[in-house]
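Inspection log for the structure reproduced underneath, given as structure tokens.
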Amino acid sequence: MSHPLRTIDTDVLIIGGGGCGLSASVFLADAGVHAYLVERHPGTAIMPKAHILNPRTMEIFAQHALAEEVYARGAKPEENRAMRWLTSLGGDQPWDRQPLHTVDAWGGGALADHYREVTASRHGNLPQKLLEPVLRRHAEERSPGLVHFHHEVVDLEVRESDVHVHVLDRDTAERYLVRARYVIAADGGKTVGPLLGIPMIGPKPFVTTISVYFQADLSPHLDNGDACVRSFIRPDPAGEWTRTGLIAMGPDTWGRHSSEWVATVTLTAAEQATEFDEAAAADAVRARLNLPDLKLDVLRFTRWQVEGVYSEHFAAGRVFLAGDAAHRHSPMGGLGLNSGIQDAHNLSWKLAAVVRGEADPRLLDSYEIERQPVTRRNVEFATFAFFNHLTAASGFGMVPDAPAEFNRDILERLFSDTQDGATRHVRLRETFNILRLESRATDLELGFEYSDSPAVVPDGTVAPPRDPEVHRYVPVARPGHRLPHAWLRRGEQRVGTHDLVRPGRLTLITGAASDAWAEAAASAIAEHATAVDVVVIGPEGDVQDVDGGWSRLRQHDDSGAILVRPDGHVAFRGFHADAASDLVDAIGVALGKRQIGASAEAREMEVAS
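Put into structure tokens, the structure is as follows:
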């Protein structure tokens, strides 16, 4: 005799307990919605995985009281400010232990001034193996009893009014049913996307790589600790040049004194046909670094394929794809985990507003409209950057599949004290300068915008041009764009503009002449039954613009105002006090209740419906 399944009802079910899913749990809880989360694995990540957290992600973590702990656990800025290319760490040939090129990276060196100008948050460097336990603890503390690891989704049915998800508790073998109003699929694309039949767009996996997570003391072989990533290029015995990335992974000390490392080894054609075990993985690391006697302990290794794909749709009814379930690409630029956390941030405030009854469910349509173009651009950039790395050595004369002697001769020529060597070095610098783009992609990190979204009210201004080199970011308070950073003063405390935006709440930032806006905000709060924080920036206001930075960025006079969404993007800008009458409608647009440019009669019909 069969027994009815135990049933759990929840407003939001999160499938996946990685960086994206756990972040979504925290973001929703801070907005007043406690989601039920299931993750098929027994614990958080066992491989270090992604590690760079860009300034936009760190701004989001700061909003949710996570940033300080992430910074404290990770690498210090001086250990995270360069990318370096070398031939090897050992060996006694003329081409061994030679530096090839170094570039400033992740806000370090010459990049620091630009980053300090446009954001209050620096890059973080904390691998997922260390980040996810932090996120899990906060998710469990903010939604007690609702975070469940070793619970696997086995079936899913999207219905008109909810989603039925069958879950297996892998510890007890119990099957139970979760009925959710909405589902966030942050499962890495393993289950939900295939169940829903949503295809991925982009090339199939094209390069096979192994990541070897190991313990070793490399400090005697490294001359400094400022490089976040070291890449090695050298010919293998068959003549094909090898490419290997080496990344410090802490966990207690960082830089050259890290005790744990990851070597990302791009396999040659011959190696792709080889089965790897721990011993073979260790030998591959020793060979790539040219340290045949290196004592190392392989902790884990994984074989994976580089992809460059994004989902055709980010939503199917009441199910929303986020993180790797929606987009997967090479690690170049560190965009994968960051994009996933930013997906969660974009989606969570909207789900919370709908669940609380403050927003119309149509607001959720804006998730795909906003996030798919951004993540598609990130996929394209990361894929192109990966191919650039594959061909870098050809810039100074190495040739794929040439005899090993030929490529070793090229390296010897490169480091010779000759005119030919000098010319090759010039070519090398030009080639490697192309590779600097991915580690200084300020405009990709901060400049993505949602001006075509139905949840944004356009103001008729033209967006600034985007930098094709993706570095130079132009802050602008235009609707759809990220709220520009400026330093302000609150009493004796220095605060940034992003400190004014609280989770789950709209924020109206006005100039000193704020009376009309305060009245309009009161009307909007009453009509939409939503929370709006009104912040006056002025000599007698809540905060003061002591150096004029905000006045230069806002592009309105003291009688104007800017409406900011909970995710830190501008929803509406009024240039003068006479625009205050538009605020009620603007908030309606931001909450999916009203359409942009709808007539008064149409708006009345929308409200009535």
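Here the sequence shown is numbered in full-length UniProt numbering, starting from 1 and rising by one per residue.
Backbone N, C-alpha and C fix where the C-beta goes; we use that ideal spot for every residue, glycine too.
Because the structure is a prediction, the values reported are computed rather than measured.
N-terminal and C-terminal residue of the beta strand (DSSP E) that residue i is part of
i, result
"MET83", "82-86"
"TRP261", "260-266"
"LEU321", "319-321"
"SER562", "In the sequence as presented, Ser is not what sits at residue 562; that position holds Ile. Element bounds for ILE562: 561-564."
"PHE214", "207-215"
"VAL534", "532-536"
"residue 618", "Nothing in the structure corresponds to residue 618, since the chain is present only between 1 and 609."
Inter-residue spacing [alpha-carbon to alpha-carbon] between residue i and residue j
i, j, result
"GLU174", "GLU312", "34 angstroms"
"MET83", "ILE60", "25 angstroms"
"VAL589", "PRO566", "14 angstroms"
"ASN346", "GLU368", "10 angstroms"
"ALA139", "PRO292", "44 angstroms"
"ARG436", "ASP104", "8 angstroms"
"PRO503", "TRP349", "8 angstroms"
"ALA263", "THR208", "14 angstroms"
"LEU411", "PRO194", "47 angstroms"
"TYR176", "PHE320", "22 angstroms"
"ASP557", "TRP550", "11 angstroms"
"HIS481", "PRO48", "32 angstroms"
"GLN595", "LEU500", "27 angstroms"
"LEU488", "GLY32", "28 angstroms"
"GLY527", "LEU591", "Looking at the sequence shown, residue 527 is not Gly but Glu. Using only the alpha carbons, I get a separation of about 12 angstroms."
"GLY90", "VAL118", "41 angstroms"
"HIS389", "HIS164", "45 angstroms"
"ALA580", "LYS593", "18 angstroms"
"CYS20", "ALA531", "26 angstroms"
"ARG303", "ILE233", "20 angstroms"
"CYS228", "SER366", "36 angstroms"
"LEU267", "VAL535", "55 angstroms"
"GLU275", "ALA24", "38 angstroms"
"MET1", "LEU363", "Unreliable placement is indicated for MET1, whose pLDDT of 48 sits below 50; no coordinate value is reported for it."
"ASP217", "LEU126", "20 angstroms"
"ALA422", "THR442", "32 angstroms"
"ARG371", "HIS3", "42 angstroms"
"THR102", "ASP420", "21 angstroms"
When the options are compared against residue i, the one with the closest alpha-carbon
i, options, result
"ASP452", "VAL207, PHE572 and LEU195", "PHE572"
"SER143", "GLU79, ALA35 and MET58", "ALA35"
"ALA72", "ASP360, GLU405, ALA50 and PRO251", "PRO251"
"PHE214", "GLN372, LEU364 and ILE46", "ILE46"
"ALA486", "THR302, ASP547, PRO403 and GLU527", "ASP547"
"SER259", "VAL118, HIS498, PRO220 and GLY145", "PRO220"
"THR507", "ARG318, LEU483 and ASP217", "LEU483"
"GLN342", "ASP365, ARG356, VAL374 and ALA359", "VAL374"
"PHE448", "ILE201, TYR473, VAL535 and VAL285", "TYR473"
"GLY255", "THR274, ARG230 and THR268", "ARG230"
"MET58", "VAL285, LYS204 and TYR115", "TYR115"
"GLU132", "GLU39, GLY197, GLY202 and ALA110", "GLU39"
"GLN305", "PHE575, LEU246 and ARG328", "ARG328"
"GLY188", "VAL167, THR244, THR102 and HIS41", "HIS41"
"VAL147", "HIS64, ILE52 and ALA29", "ALA29"
"ASP533", "GLY225, ILE587 and GLU68", "ILE587"
Beta bridge counterpart(s) of residue i as assigned by DSSP
i, result
"VAL38", "ILE15 and HIS148"
"GLY245", "SER231 and THR264"
"LEU168", "GLU152 and ARG175"
"PRO99", "LEU86"
"HIS569", "ARG482"
"GLN544", "ARG489"
"VAL306", "VAL207"
"VAL183", "LEU13 and VAL319"
"ASN125", "ILE52"
"MET200", "SER311"
"PHE396", "Partner(s): none; PHE396 has no beta bridge."
"PHE301", "VAL212"
Residue interval of the alpha helix (DSSP H) (run including residue i)
i, result
"LEU444", "442-446"
"THR431", "419-434"
"LEU414", "404-414"
"VAL70", "67-73"
"ALA385", "365-390"
"GLU278", "278-289"
"VAL474", "Premise fails: VAL474 is in no alpha helix (DSSP H) and is neither H nor E."
"LEU347", "336-355"
"TRP550", "549-554"
Touching by the beta-carbon criterion (3+ pairs, under 8 angstroms), the stretch 177-197 and the stretch 8-18: Contact between the stretch 177-197 and the stretch 8-18 is present, with at least three C-beta pairs closer than 8 angstroms.
Sufficient close CB pairs (3 or more, under 8 angstroms) joining the stretch 79-94 to the stretch 147-163: Too few Cβ pairs lie closer than 8 angstroms, so no.
Three or more C-beta pairs below 8 angstroms linking the stretch 14-27 and the stretch 310-326: Contact holds: three or more Cβ-Cβ distances are below 8 angstroms.
At least three beta-carbon pairs within less than 8 angstroms, the stretch 396-412 to the stretch 91-103: Output reads yes: the stretch 91-103 touches the stretch 396-412.
The stretch 462-471 touching the stretch 418-435, judged by at least three CB pairs closer than 8 angstroms: Judged by Cβ distances under 8 angstroms, the stretch 462-471 makes no contact with the stretch 418-435, as fewer than three pairs qualify.
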